[in-house]
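Chemist:
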Amino acid sequence: MRITPVLDEIILIPNSTHESENQNTIPDIDITIDDSSLSSLEKREDNHSLLTLFSMLTRIHAGYFRISLSLCWETLLWKTLLDPTNNETKFLHRVPQIIYRPILIFLWSFALLILVLLSLLYLLKCVFRFKLVKGEFLHHVGVNYLFAPWISWLILLESYPFIIAPKHVGYKALWWIFAVPVIILDVKVYGQWFTKGKRFLTAVANPTSHLSVIGNLVGARAAAKMGWQEVSVCLFSLGMVHYLVLFVTLYQRLSGSDRLPAMLRPVFFLFSAAPSMASLAWASITGTFDTTSKMFFFLSLFLFTSLICRPSLFKKSMRKFNVAWWAYSYPVTLLALASTRYAKEVKGQVPHTIMLTLSSLSVLVIIALLLSTALYSKILLRDDDPSLKHTCLSETHSEY
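Right under this line is the structure:
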């Protein structure tokens, strides 16, 4: 038998010489082995991987940073609750430090992993799908979630599980890295609100606009912890002035709510997130949870209660899983964080009960979201996500 490599197929060729000598002899056979099909298969697999990656980059958007916001703030809540100096959570201090310390490290590491993963994916989108990123930047909802990654990094920096002084040079350097993009976005977004053009506040205001305010307040709180009093007051005043204008605009329902589909209605809980963050930021600036901080906390508690008393508002958004569900988590966690400061300042059974109730609710909500995300992971990147509508074209604004 003679084996000869030939292209594309296996060919059996009888040997004529041996046939003439003996008809009963088994003829020699040429066997052709084609290796081009293997290389072609590898190329197809590579192309399929690239198409999958590009499809993922097309579907992902800044709204997915809701997940990192929730995880980072939940980590900060647990760090606050497990703080040995917090007398309102003495029952948690009975747990040996050898147990809750690894829990805190695990939560922080998990939040860091998710944030790094989302940041890398969005960075790739900026490189390979820049027009879609530009489309988000030009959209009245998408632009607000561009604040989310920087807020997440600032919160993750504050919730670091190991001892690090806020005045450490590394802490200050990271603050500048994460806070400067927030200020740049402020100049762009806030500048459009009072200058000429179609992007004035009454035309683009919606509940997600609170994220721009929260970004300033988070930066102000971190600056106050570093001892930068003037910087913290500057960021706080910048955020609160625009919050007042935004709150009045949305409260009058001139715009915003009518431009959101039912699927995105969970973002209404951002109404309570901004005053919660304001109470925490002002407490860090003044060093005490004074009357002003309490006013912000009570406003946040009222808005949160008003929303949970209207479950029918969110009925349609709960019919099908969407990443917008994560907007339920971090406003509750922020309110729980504010309640811990309130309970620490005001002694009594009622503040303690409010703190335990909100903290427990925050834990239950994020556990439910983690389980839902794991269960529906195959549809996490949806084709019918309304947030994708504003990434199709970079020069037009498609309404939700």
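For the sequence shown, the working numbering gives the first residue as 622, with consecutive numbering after it. Where is the CB? At the ideal position from N, CA and C, for every residue including glycine.
Within the continuous alpha helix (DSSP H) that includes G913, where are the two ends?
Modeler: Sequence check: residue 913 is Thr here, not Gly. Taken as a continuous stretch (DSSP letters only), the alpha helix (DSSP H) holding T913 covers T912 to I929.
Chemist: In this structure, how does DSSP classify P1022 when only helix, strand and coil are distinguished?
Modeler: Past the boundaries of the shown model lies residue 1022; the chain is included only from 622 to 1021, so the question cannot be answered.
Chemist: Give the secondary structure of F967 by DSSP, where H, G and I count as helix, E and B as strand, and everything else as coil.
Modeler: The sequence as given places Val at residue 967; Phe does not occur at that position. The answer is coil: DSSP assigns V967 none of H, G, I, E or B.
Chemist: Going straight from the alpha carbon of I720 to that of T701, what length do you get?
Modeler: Taking the straight line from one Cα to the other gives about 16 Å.
Chemist: On a Cα-Cα basis, can you pick out the residue from L1002, T870 and M898 that is closest to L1071?
Modeler: Residue 1071 lies beyond the range of the chain shown here (622 to 1021); nothing can be said about it.
Chemist: Could you check the C-alpha separation between H682 and F857 for me, to the nearest Å?
Modeler: Approximately 28 Å between the Cα atoms of the pair.
Chemist: Would you give the residue range spanned by the alpha helix (DSSP H) that V825 belongs to?
Modeler: Looking at the DSSP string, the run of the alpha helix (DSSP H) that includes V825 is L822 to V825.
Chemist: Among R680, C693 and F868, which has the Cα closest to the Cα of S983?
Modeler: If we check each option's Cα against that of S983, C693 comes out closest.
Chemist: Using alpha carbons as the reference points, say which of F731, C855 and A769 lies closest to Y685.
Modeler: When only C-alpha atoms are compared, the closest one is A769.
Chemist: Taking just the CA atoms, how far does F935 sit from L859?
Modeler: In a straight line, the C-alpha of L859 is about 32 Å away from that of F935.
Chemist: Thinking W774 and L736 are a contact (beta carbons under 8 Å), I'd like their distance in whole angstroms, please.
Modeler: Going by Cβ atoms, the distance from W774 to L736 rounds to 7 Å, so yes, they are a contact pair.
Chemist: By the 10 Å Cβ neighbour count, where 16 or more other Cβ atoms means buried, how is L958 classified, buried or exposed?
Modeler: L958 comes out buried.
Chemist: Provide the residue span of the alpha helix (DSSP H) that contains G1023, from first to last.
Modeler: As displayed, the chain neither begins before 622 nor continues past 1021, which places residue 1023 out of reach and without an answer.
Chemist: Fully enclosed by the region 859-900, which alpha helix (DSSP H) runs are 4 residues long or longer?
Modeler: Runs of the alpha helix (DSSP H) inside the region 859-900: none found.
Chemist: Keeping to the same chain, check which residues put their C-beta closer than 7 Å to that of F942; ignore five residues upstream and five downstream.
Modeler: So the list reads S993, Y997 and I1000, once near-sequence residues are dropped.
Chemist: Between R680 and W947, how many whole angstroms is the CB-CB distance? I'm expecting something under 8 Å.
Modeler: Contact doesn't hold; Cβ gap of about 16 Å is too wide.
Chemist: For L901, which option in K965, R874, L795 and L867 has the closest C-alpha, if you only look at C-alpha atoms?
Modeler: Comparing Cα-Cα distances from L901 to each of K965, R874, L795 and L867, the minimum goes to K965.
Chemist: Between S730 and Y951, is the Cβ-Cβ spacing less than 8 Å?
Modeler: No. Outside cutoff.
Chemist: Counting only the same chain and skipping the five closest in sequence on each side, list residues whose C-beta sits under 8 Å from that of Y949.
Modeler: Hits under 8 Å: P887, F890, V986 and L990.
Chemist: Can you tell me whether A945 is buried or exposed? The criterion is at least 16 other CB atoms within 10 Å of its CB, across all chains shown.
Modeler: Buried, by the Cβ-count rule.
Chemist: If I'm right that L678 touches L742 with Cβ under 8 Å, what's the distance once you round it to whole angstroms?
Modeler: Indeed they touch by this definition, with Cβ atoms about 7 Å apart.
Chemist: DSSP on N943, reduced to helix/strand/coil?
Modeler: In this structure, N943 counts as coil in the three-state DSSP scheme.
Chemist: Using the C-alpha atoms, what's the distance from I975 back to V748?
Modeler: The alpha-carbon atoms of V748 and I975 are separated by roughly 46 Å.
Chemist: In angstroms with no decimal places, state the Cα-to-Cα distance between Q813 and V953.
Modeler: So the two alpha carbons sit approximately 30 Å from each other.
Chemist: Out of Y792, P787 and S833, point me to the one whose CA is closest to V808's CA.
Modeler: For V808, the nearest C-alpha among the options comes from S833.
Chemist: Label I785 either buried or exposed according to how many other C-beta atoms from any shown protein chain fall within 10 Å of its C-beta, with 16 as the threshold for buried.
Modeler: Burial call: exposed.
Chemist: Considering only their Cβ atoms, is the gap separating I835 from P794 smaller than 8 Å?
Modeler: Reading the sequence as shown, one finds Ala at residue 794 and not Pro. Cβ atoms of A794 and I835: not closer than 8 Å.
Chemist: My understanding is that A841 touches I929, with C-beta atoms under 8 Å, so please give their C-beta distance in whole angstroms.
Modeler: That belief does not hold up - the Cβ atoms of A841 and I929 are roughly 28 Å apart, past 8 Å.
Chemist: Is the CB-CB distance between K937 and A883 below 8 Å?
Modeler: A contact, by the Cβ cut-off of 8 Å.
Chemist: Starting from the C-beta of A844, find all residues in its chain whose C-beta is less than 6 Å away, skip the five residues before and the five after it, and write them out in chain order.
Modeler: The residues are V852 and S853.
Chemist: Provide the residue span of the alpha helix (DSSP H) that contains W771, from first to last.
Modeler: That run of the alpha helix (DSSP H) goes A769 to E779.
Chemist: Helix, strand or coil for W814 per DSSP?
Modeler: W814 falls in the helix class under three-state DSSP.
Chemist: Rounded to whole angstroms, what's the CA-CA distance from G763 to E757? Just pull it up for me.
Modeler: Between G763 and E757, the C-alpha separation is close to 5 Å.
Chemist: If you drop the 5 nearest sequence neighbours on each side, which residues of the same chain put their C-beta closer than 6 Å to that of F799?
Modeler: Counting only Cβ-Cβ distances below 6 Å, and skipping sequence neighbours, we find W771, W774 and L775.
Chemist: Sorted by chain position, which residues of the same chain lie with C-beta nearer than 7 Å to V839's C-beta, five sequence neighbours on each side aside?
Modeler: Excluding residues within five positions, the ones whose Cβ falls inside 7 Å are I772, L775, I776 and M898.
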